[in-house]
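Number of protein chains: 2
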Amino acid sequence: MGATKADLFTKQQNEIALMAKALAHPARIAILQYLVKKNACVCGDLVDELGLAQATTSQHLKELKTAGLIQGTIEGVNVCYCINPKVWKQYQVLFAGFFKDVAPDGSCC
Amino acid sequence: MGATKADLFTKQQNEIALMAKALAHPARIAILQYLVKKNACVCGDLVDELGLAQATTSQHLKELKTAGLIQGTIEGVNVCYCINPKVWKQYQVLFAGFFKDVAPDGSCC
DNA sequence: CTTTCGTATCGTAATATTACGATGGATAAT
DNA sequence: ATTATCCATCGTAATATTACGATACGAAAG
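Chains as they are written, first to last, in my numbering: chain A, 1 to 109; chain B, 1001 to 1109.
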């Protein structure tokens, strides 16, 4: 056991959960916030910024890349990362949609 | 190793990651969507709704309760769950804020 | 009081995530 | 050509998550 039973849920539910999972680590939040703040390609200084080992940082970057949230291009010796604005927008819309369709009266419990 | 190094990150970053983690499973998304759709106390039928074992469902409910997203009240034999509108709103605001402060030009990579 | 029903919790197995050292590959500098 | 730098990947250990059966617990019904 232990494996998520994805077949029990709708495609949309699995998708939202996957997107949330991409954000479910402070290091990845930190990376995203840093890239957003810089609003540009960021080369190199991500490892220094985070305080995690280089291998660990690379692993988190890979997950964000797999999620589509960031993209990296090789720039000589360095690799430069930035936000993928298209996917970023998708996340924004999806989470906003998820939280919107509530009727927050709370008149029951 | 393997434990998240929470002390490396800001309080806000850890908080966002924790909130995302609460959403990072399709069963929990399904529970939340169901509660939102019903917009009322839901007693009992959650186990049938999900298709997971009773123990597993209870475990997910507990995590959502810990995250504050839902609240449960004992109603005789049953326990009734509903969205906690206050915390729901907090999530909505926080995620909207997180995704808003991007400048999605993407003019670099 | 005993039984039944709905949940929570415990124990545990399977799997996933997180973290890091070590290694390798590519490019720039010497 | 050799060296240095940056980054990805591999291997692996520590920890966390997911899932379920078994059991416990409390309230209502008999």
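A virtual CB, placed ideally from N, CA and C, is assigned to each residue, including glycine.
Test item: CB-CB of residue i and residue j under 9 angstroms
{"i": "B/Leu1023", "j": "A/Ala40", "result": "no"}
{"i": "A/Leu8", "j": "B/Pro1026", "result": "yes"}
{"i": "A/Asn14", "j": "A/Ala3", "result": "no"}
{"i": "A/Phe99", "j": "A/Met19", "result": "no"}
{"i": "B/Lys1021", "j": "A/Lys21", "result": "yes"}
{"i": "B/Ala1067", "j": "B/Val1087", "result": "yes"}
{"i": "A/Leu64", "j": "A/Tyr91", "result": "no"}
Which listed residue (the options) has its alpha carbon closest to that of residue i
{"i": "A/His60", "options": "A/Ile31, A/Lys37, A/Gln92", "result": "A/Ile31"}
{"i": "A/Val77", "options": "A/Gly44, A/Arg28, A/Lys21", "result": "A/Gly44"}
{"i": "A/Arg28", "options": "A/Ile83, A/Gly97, A/Gln12, A/Lys89", "result": "A/Ile83"}
{"i": "B/Thr1010", "options": "A/Lys11, A/Tyr91, A/Gly51, A/Gln12", "result": "A/Gly51"}
{"i": "A/Cys80", "options": "A/Val93, A/Lys89, A/Lys62", "result": "A/Lys62"}
Burial state of residue i, where buried means 16 or more other Cβ atoms lie within 10 Å
{"i": "B/Ile972", "result": "Residue 972 of chain B cannot be examined here, being either before or after the span of chain B that is shown, 1001 to 1109."}
{"i": "B/Gln1071", "result": "buried"}
{"i": "B/Val1042", "result": "buried"}
Below-9 angstroms beta-carbon distance, residue i vs any chain B residue
{"i": "A/Gly44", "result": "no"}
{"i": "A/Asn78", "result": "no"}
{"i": "A/Lys5", "result": "yes"}
{"i": "A/Gly51", "result": "yes"}
{"i": "A/Gln92", "result": "yes"}
{"i": "A/Ala20", "result": "yes"}
Minimum Cβ-Cβ distance from residue i to chain A less than 9 angstroms
{"i": "B/Lys1062", "result": "no"}
{"i": "B/Thr1010", "result": "yes"}
{"i": "B/Gln1059", "result": "no"}
{"i": "B/Gln1033", "result": "yes"}
{"i": "B/Ala1027", "result": "yes"}
{"i": "B/Gln1013", "result": "yes"}
{"i": "B/Lys1100", "result": "yes"}
{"i": "B/Ala1067", "result": "no"}
{"i": "B/Ala1055", "result": "no"}
| request: Counting only runs of 3+ residues fully inside the stretch 33-96 of chain A, write out the beta strand (DSSP E) ranges in chain order. | output: 70-75, 78-83
| request: Mind listing, in chain order, the continuous alpha helix (DSSP H) runs of no fewer than 4 residues lying wholly within the stretch 9-33 of chain A? | output: 11-22
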